[in-house]
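2 protein chains.
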Amino acid sequence: MTAATDVLDKLVQRLGETGVLQDPQEMERYVSDWAGDRLGMPLAVVRPDSTTAVAEVVALCGEHGMRLSPQGGHTGLVGGALPEKGGQEIVLSLERMNEIRAIDPVNFTMTVDAGCILETVKQAAAEHDCDFPLSLGAQGSCQIGGNIATNAGGLNVLRYGMMRQLVLGLEVVLPDGRIWNNLKSLHKDNRGYALQQLLLGSEGTLGIVTGAVLKLVPLPDQSRTALLGLPSVEAVIALYGLARRGCSDLLTAFELIPRRCIELAMEATPTLGDPLDSAYPWYVLMEVAATGPVDLGAMLEQLLEDGMERELVLDGALASSEAQAGQLWQFRESMLEGQRLRGEHLRTDIAVPISAIPAFVERASQRVQHVSPECEIIAYGHVGDGNLHFNILPPVDMAEAEKYRHLHELEALLFEVLDEFNGSISAEHGIGRSKQSAYLARLSPAERELVEGIKTLFDPAGVMNAGRLLPPR
Amino acid sequence: MTAATDVLDKLVQRLGETGVLQDPQEMERYVSDWAGDRLGMPLAVVRPDSTTAVAEVVALCGEHGMRLSPQGGHTGLVGGALPEKGGQEIVLSLERMNEIRAIDPVNFTMTVDAGCILETVKQAAAEHDCDFPLSLGAQGSCQIGGNIATNAGGLNVLRYGMMRQLVLGLEVVLPDGRIWNNLKSLHKDNRGYALQQLLLGSEGTLGIVTGAVLKLVPLPDQSRTALLGLPSVEAVIALYGLARRGCSDLLTAFELIPRRCIELAMEATPTLGDPLDSAYPWYVLMEVAATGPVDLGAMLEQLLEDGMERELVLDGALASSEAQAGQLWQFRESMLEGQRLRGEHLRTDIAVPISAIPAFVERASQRVQHVSPECEIIAYGHVGDGNLHFNILPPVDMAEAEKYRHLHELEALLFEVLDEFNGSISAEHGIGRSKQSAYLARLSPAERELVEGIKTLFDPAGVMNAGRLLPPR
């Protein structure tokens, strides 16, 4: 423990008392994540306020072989931001690095500290008639650095891509404490290996992102939302093809929602009435957005007409005001709350080819119901990304320990079905801790060697966010 | 030489006589590139026709320490596909692997052999009402594998991104001969480090791409083209901001063209008349494309009107037919021919922030003209990508040896100015051989270590496309 005490003393010397939290009560808000999960307490939470300070902390911890865990808004869903058990890890929070460094609306770029909150970034862009188009439920608390480390996705990936497509430059403190300044504001740059791409999605295991150049888009000045009722998942997929073409790729969202989710939303928010005149087995919540002279209302009406003519769409509501659109989106938000109210359940974040969604939903539902007829299946998600949240709600009266074991089994079963479809066990949430064994089990020997080799290249001592993504050394 | 003879015998045994070319005359068409450059002859050109055969060739060459150079359509512009001097390298051509393996228009994906020609891929997509939106001058001969290895860009990057954004899955033969099958047709997949991104842009130095899953988009069913005359580069940049907003991000091209290029085009293609009533210092060639009910004509007219009102646009021609649009695009193609007719000249492919284009063009022009008042500067390019081809034509009567030395000096000067703007010496062409020293000189020690470390991780013996991107061992 003397080494640790020595390091902590030096950290306090460098960062001051407010920069190094050691009181368990003060550290409390850094130890659990969005879902309320927790593992252990850290040795300390350090809060550097500059890139240089981050570099000094990393170098100092490296000299003493201390393990470091970089932390953003801890809104992740795979346990990646939870301090490890045993209390030997130092959490490095980026929260004090929260300045917008520059905005260049002519270049459609913005340079920010990694600790900036996504919502703040979006607001700052909007002041220049631009948008940073990443859109997540957690955007009021997640940080850009975490979005980068996890290659965050969200609702608008269909049109704008994941974080990987939205970052032009990075500033990174490497695990040896050197600063890698790659803060370029270039839309095109084709020099050598894609080092920067490695950091995107590396989950804090290859270095600490301290700053980034983000790509902006024109802020849409109009958008239209529709909620449609459909007879089958097949109809949803066929409508998606029509919508891509009929809406000139101006689609910003195309969400699949099963009837059960509409019910859960109404349970969670009793003021919500049934959105359409009748109940339908499947719904699509879609949005188109544009700048300039495009008649989005006519575009959606035409699509609705075409969809009805082909018997893909049975009924639909087109929001005629922002308030109405907000109400339609309320179903998407309240259905999450409705699931949460049902207590412990299996949340997944999987991907299959778009064309395979109907067959996958059918096959996976059959397999799950065969093993566990009393469970409820809720499959919703981002159709255009082939990304489903195929969630399973256990019976409310099942004992907690039994629930945990049972859901774990069902997850394994679901992943087996996913393998038959050449799908992904993590479409956007990442690996962290909770998907690690399923991830490793699916790597070929060659992939495992390359992945381990990259970790060793960047972080030979294995001190950076150890145990996330890959097993600890 | 016995080792080489032994390997060649085994290659012939495996691939047959037609699979292993050793006759200098037969090898002739594999030794030079698009620009007509050449260095040396290879030991042999091998032409495997399957992924397994590629893997066997790579393993066999690896066992004997033979250097291998993968080759696509050899249309690169940085000397990456040229066999090295000394005749000890084996060229591995992918040309016999040219099957479209599968098209899934519902998933908007296509699985292809690496040797497929880009134009063939685009045609196959069009048969399913889809487009593979990479668009290059060389698309009639470049191959998908080469597009991947060089992370190709082109005309439509503004809307659809570079190759990096258009590839969902890869099949790769690693330098030790193992096949890495990552042929997933998933639009979202967030599992672990971005290994696949490393291969994109690796210029054949980390492995041989044998197959790929490509992302398709709906084939636009309408497009409109306009050629506009503008007073200054500043006006071009301001118009670009207006166009992004006024055209609802349906822009597929926004090309900057100086007056001199219009003249060069008319010199090369005498049937082309002056495109507008008067001559203007700068032109913009722009295109918008859409599917579905959008009035693109009205959209462009509105933009033209707004641009004129703000005195950004002085005059403009809107093509009212496909033939007229083709004629406007003819200027873009003929101006390249016009440059070629001027003989040896400096071609560059650089990037700066879009907002810095006017200041960069001014500063770089001043510096070049100060050193070399007799040279002609031609700066054109993809405005939305901040990507300029800032080319320099020496006086026609300058001696060849003098030209070469002089242009080399001017390139170094230009790159110095670029450094002041935090720009890129290679926006899309890559590094290959011709940009290697300028690339290496700009790497920080940490970057150099990481880049070399990645090369060593994938290719410890340094046999794969040795000497390109990085110096040979």
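Respectively, the protein sequence lines represent chains G and H. For the first sequence, position 336 matches number 336 in my numbering, and the numbering has no gaps at all. For the second sequence, position 341 matches number 814 in my numbering, and the numbering has no gaps at all. For each residue, glycine too, the CB sits at the ideal point set by N, CA and C. Predicted, not measured: the structure shown is a model, and the values here were computed from it.
Element boundaries [alpha helix (DSSP H), containing residue i]
i	result
Phe-254/G	Taken as a continuous stretch (DSSP letters only), Phe-254/G belongs to no alpha helix (DSSP H), being part of the beta strand (DSSP E) at 251-258.
Met-772/H	769-782
His-64/G	Unbroken run through His-64/G: none, as it is neither H nor E.
Phe-390/G	Run containing Phe-390/G: none in the alpha helix (DSSP H); it sits in the beta strand (DSSP E), 387-393.
Leu-170/G	Segment 167-173 is the beta strand (DSSP E) holding Leu-170/G; no alpha helix (DSSP H) there.
Ile-927/H	918-931
Val-368/G	357-371
Gln-498/H	497-500
Per-residue DSSP class, three states only, for residue i
i	result
Gln-88/G	coil
Tyr-380/G	strand
Asn-452/H	Examination of residue 452/H is not possible in this model, given that chain H is present from 474 through 946 alone.
Gln-486/H	helix
Leu-712/H	helix
Lys-661/H	coil
Asn-147/G	helix
Pro-270/G	coil
Leu-737/H	helix
Gln-71/G	strand
Ser-202/G	coil
Ile-590/H	strand
Pro-218/G	strand
Leu-514/G	Outside the displayed span of chain G (1 to 473) sits residue 514/G, for which this structure offers no information.
Ala-476/H	helix
Glu-875/H	helix
Ala-279/G	coil
Leu-418/G	helix
His-761/H	The residue you asked about is not His; residue 761/H is Val in the sequence shown. Three-state result, Val-761/H: strand.
Leu-494/H	strand
Met-514/H	coil
Met-162/G	coil
Cβ-heavy atom distance, residue i to the ligand HEM, below 8 Å
i	result
Pro-704/H	Among the components of this structure there are no ligands whatsoever, and the ligand HEM is therefore not found.
Limits of the beta strand (DSSP E) - the one that residue i falls within
i	result
Ser-437/G	No beta strand (DSSP E) holds Ser-437/G; the alpha helix (DSSP H) holding it covers 436-441.
Val-585/H	582-586
Gln-695/H	695-703
Asp-577/H	573-577
Ala-212/G	208-215
Trp-653/H	652-655
Val-519/H	517-519
(request) Closer than 8 Å, Cβ to Cβ, to anything on chain G: give me those residues from the region 603-628 of chain H, in chain order. (result) Those would be Thr-623, Asn-624, Gly-626, in chain order.
(request) Write down every uninterrupted run of the alpha helix (DSSP H) in the region 313-349 of chain G whose length is 4 residues or greater and which is fully enclosed by it, in chain order. (result) 322-341
(request) Note down, in chain order, all residues in the region 711-725 of chain H with a beta-carbon under 7 Å from any beta-carbon belonging to chain G. (result) Gly-714, Arg-717, Arg-718, Gly-719, Cys-720, Ser-721, Asp-722, Leu-723
(request) Compile a chain-ordered list of the residues in the region 757-777 of chain H whose CB is closer than 7 Å to at least one CB of chain G. (result) Ala-763, Thr-764, Gly-765, Pro-766, Val-767, Ala-771, Met-772, Gln-775
(message) Any contact between the region 746-765 of chain H and the region 693-705 of chain H? By contact I mean 3 or more CB pairs, one from each, below 8 Å.
(response) yes
(request) Scan the region 874-895 of chain H for residues whose Cβ lies nearer than 8 Å to a Cβ of chain G and list them as they occur along the chain. (result) Asn-895
(request) Could you run through the region 438-459 of chain G and flag, in chain order, every residue whose CB is less than 9 Å away from some CB of chain H? (result) Tyr-439, Arg-442, Leu-443, Ser-444, Pro-445, Ala-446, Glu-447, Glu-449, Leu-450, Val-451, Gly-453, Ile-454, Lys-455, Thr-456, Leu-457, Phe-458
(message) For the pair the region 396-414 of chain G and the region 256-269 of chain G, tell me if three or more CB-CB distances fall below 8 Å.
(response) no
(message) Residues of the region 856-875 of chain H in Cβ contact with chain G at a cutoff of 8 Å, in chain order, please.
(response) Gly-857, Asp-858, Gly-859, Asn-860
(message) With a threshold of 8 Å, are at least 3 pairs of Cβ atoms found where one atom belongs to the region 99-119 of chain G and the other to the region 79-89 of chain G?
(response) no
(message) I want to know whether the region 587-603 of chain H touches the region 859-873 of chain H - three or more CB-CB distances under 8 Å.
(response) no
(message) Quick check: the region 461-469 of chain G against the region 56-67 of chain G, are at least 3 beta-carbon pairs closer than 8 Å?
(response) yes
(message) Beta carbons nearer than 7 Å to chain H: which residues of the region 70-98 of chain G have them?
(response) Here the close residues number zero.
(request) For the region 275-287 of chain G and the region 334-352 of chain G, state whether three or more C-beta atom pairs, one from each stretch, are separated by less than 8 Å. (result) Cβ pair count under 8 Å is below three, so no.
(request) Count the C-beta pairs between the region 32-40 of chain G and the region 68-78 of chain G that are closer than 8 Å, then say yes if the count reaches three, no if not. (result) yes
(request) Select from the region 659-675 of chain H all residues with a C-beta closer than 8 Å to any C-beta belonging to chain G, and list them in chain order. (result) Leu-659, His-660, Lys-661, Asp-662, Asn-663, Arg-664, Gly-665, Tyr-666, Ala-667, Leu-668, Gln-670, Leu-671, Leu-673, Gly-674, Ser-675
(message) Three Cβ pairs or more, each shorter than 8 Å: is that satisfied between the region 658-673 of chain H and the region 590-606 of chain H?
(response) no
(message) Closer than 8 Å is the cut-off here; do at least three beta carbon pairs connect the region 242-253 of chain G with the region 306-313 of chain G?
(response) yes
(request) Would you list, in chain order, the members of the region 577-589 of chain H that have their beta-carbon closer than 8 Å to a beta-carbon of chain G? (result) Asp-577, Pro-578, Val-579, Asn-580, Phe-581, Thr-582
(message) Would the region 439-454 of chain G count as touching the region 378-388 of chain G if we require 3 or more Cβ pairs under 8 Å?
(response) no
(request) Check whether the region 614-627 of chain H touches the region 672-682 of chain H, counting contact only when three or more Cβ pairs, one atom from each stretch, lie closer than 8 Å. (result) Cβ pair count under 8 Å is three or more, so yes.
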